[in-house]
Amino acid sequence: MSIQVKEVSKFYGKQKALDALSFEISDTEVVGFLGPNGAGKSTMMKIITGFLPQSSGDVFVNGLNVMEHSLEIRKQIGYLPEHNPLYLDLYVKEYLEYVAGIYKVGKNKKKRVDEMIELTGLGLEQKKKIGALSKGYRQRVGLAQALIHDPKVLILDEPTTGLDPNQLIEIRQLIKNIGKEKTVMFSTHIMQEVEAICERVLIINKGQLVADQASNNIHSIKESHVLDLQFTTDIPKHLLLNITGVERVAQGPDHCYYISAKSDIRAQVFQMAVDNQLIILEMKSQERSLEALFQELTKQ
Ligand code: ADP
Ligand code: MG
């Protein structure tokens, strides 16, 4: 297991940013870490990389407790922070050589830097100052520095934020390729990105895990049946939850209920209403977009 997060909570003063979060990521998995702004993604990633201590719980990377072995962990992890703090006055190649020095890449330093420049497509930009690069190329420099010491685990915090559509496609492909050999966890608030890059998605909201799915399953949830119902009165939720195939029930205003189910349950809902002498005012089947699904999973 590459990454193990066990019941991790984090408080910033009184504010709880992570709430007993647990998950595991195995070797060579590429996992999308999805959640709205403020969900706790960056906080979790800083804790996994040893840059921030958790308030409680344990994190292991390649079997090592991050709190106890933070230096060793940093050798094994490549990290692209959210606000990729590059030295704008350094030249691309100079900066990467500097980073290679910090990680003690050794006498292969120059070769390794050249390989990273090649891998991340920085060939034409390598003699430029980082400050002169576009956002997409700065992200590539960030990726190159994260990869320079050949870490087994890559933690990328919103690697595609601020890229134009062409850059997006290229960086996504790059992450996908890297993921063939390494464990990659990348955060995003864009649902489609998860489908484009990875095999599995962890969705968090308000510091809690709300879904852990194979990303092709996102499609199947998306295609699951959603029913909007309105009754004349509030009804006990369990009447809906007891119907075979019902997965989730959320209650809205004006006696409305939103149901997700594995199959078409309209007939059973109608029967349940008759059996319980409930009056259905409205019943509507819905197609769900990925965004709507995301919203549903992450709403309060
Ligand atoms: P995300 O990366 O998912 O947008 P963050 O991990 O950055 O979420 O933030 C989670 C919550 O913790 C937010 O409410 C944010 O305001 C708060 N937070 C993050 N960093 C700090 C900090 N250094 N001090 C105080 N609160 C913070
Ligand atoms: Mg963040």
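Anchor point for the sequence shown: position 193 equals 344 in the numbering used here, and the numbering is continuous, going up by one each time. Quick reminder that beta carbons are idealized off the backbone N, C-alpha and C, glycines included. What you are looking at is a predicted structure, and each value in this text was computed from that prediction instead of being measured.
I'd like to confirm the pairing. Which residues does DSSP put opposite N356 in its beta bridges? Q359
Is the CB-CB distance between E456 and V181 below 7 angstroms? Nothing can be reported for residue 456, as the shown portion of the chain is limited to 152 through 451.
I'd like the list of long-range same chain contacts for L203, defined as Cβ closer than 6 angstroms, with 5 residues on each side in sequence excluded. K197
Thinking just about the alpha-carbon of each residue, which of Q428, Q359, Q419, V420 is nearest to the one in P187? Q359
Just the Cα atoms here: how many angstroms apart are I268 and G229? 16 angstroms
Can you list the beta strand (DSSP E) stretches of 3 or more residues lying completely in the stretch 204-278, in chain order? 207-212, 228-231
In the structure shown, what three-state DSSP assignment does S177 receive? coil
Beta-carbon within less than 6 angstroms of D415's beta-carbon, same chain only, minus the 5 sequence neighbours each way: which residues are those? H376
Give me the Cα-Cα distance between E233 and A171, rounded to the nearest whole angstrom. 23 angstroms
So which residues put a beta carbon under 5 angstroms from any heavy atom of the ligand HEM, going in chain order? The ligand content of the structure shown is limited to the ligand ADP and the ligand MG, which means the ligand HEM is not among them.
Distance, I306 Cα to I394 Cα: 41 angstroms
With a threshold of 6 angstroms, establish whether the CB of A190 neighbours any heavy atom of the ligand ADP. yes
Compare the C-alpha of T194 against each of S160, N213, Q227 and name the closest. S160
Between the Cα of V361 and the Cα atoms of H389, L185, S338, E158, which residue gives the shortest distance? L185
Is A412 near the ligand ADP, judged by its Cβ being under 6 angstroms from some heavy atom? no
Report the residue from V264, I329, P387 whose alpha carbon sits nearest the alpha carbon of N427. P387
Are A418 and Y409 closer than 7 angstroms when you measure CB to CB? no
Once the 5 residues before and after K167 are set aside, which same chain residues still bring their CB inside 7 angstroms of it? S160, G358
For N328, count neighbouring Cβ atoms within 10 angstroms of its own Cβ and tell me buried if that reaches 16, exposed if not. exposed
Inter-residue Cα distance where the pair is K435 and T311: 37 angstroms
Within the continuous beta strand (DSSP E) that includes V314, where are the two ends? Here the sequence assigns Leu to residue 314, which means Val is not the residue at that position. No beta strand (DSSP E) holds L314; DSSP gives it neither H nor E.
I154 to E219 span [Cα, whole Å]: 15 angstroms
What is the rounded straight-line gap between the Cα of V345 and the Cα of S366? 7 angstroms
N216, buried or exposed, once every other Cβ within 10 Å from all chains shown has been counted against 16: exposed
Tell me whether T194 sits in a helix, a strand or coil according to DSSP, three-state version. helix
Within a Cβ cutoff of 6 angstroms, which residues of the same chain sit near K244, ignoring the five residues on either side of it in sequence? Q277
Helix, strand or coil at M423 [DSSP, three-state]: helix
Range of the contiguous alpha helix (DSSP H) that encloses H376: H376 -> not in any alpha helix (DSSP H); beta strand (DSSP E) instead, spanning 376-382.
Does the Cβ of R168 lie closer than 6 angstroms to at least one heavy atom of the ligand ADP? Strictly speaking, residue 168 in this sequence is Ala, with Arg absent from that position. It does: the Cβ of A168 is within 6 angstroms (strictly closer) of some heavy atom of the ligand ADP.
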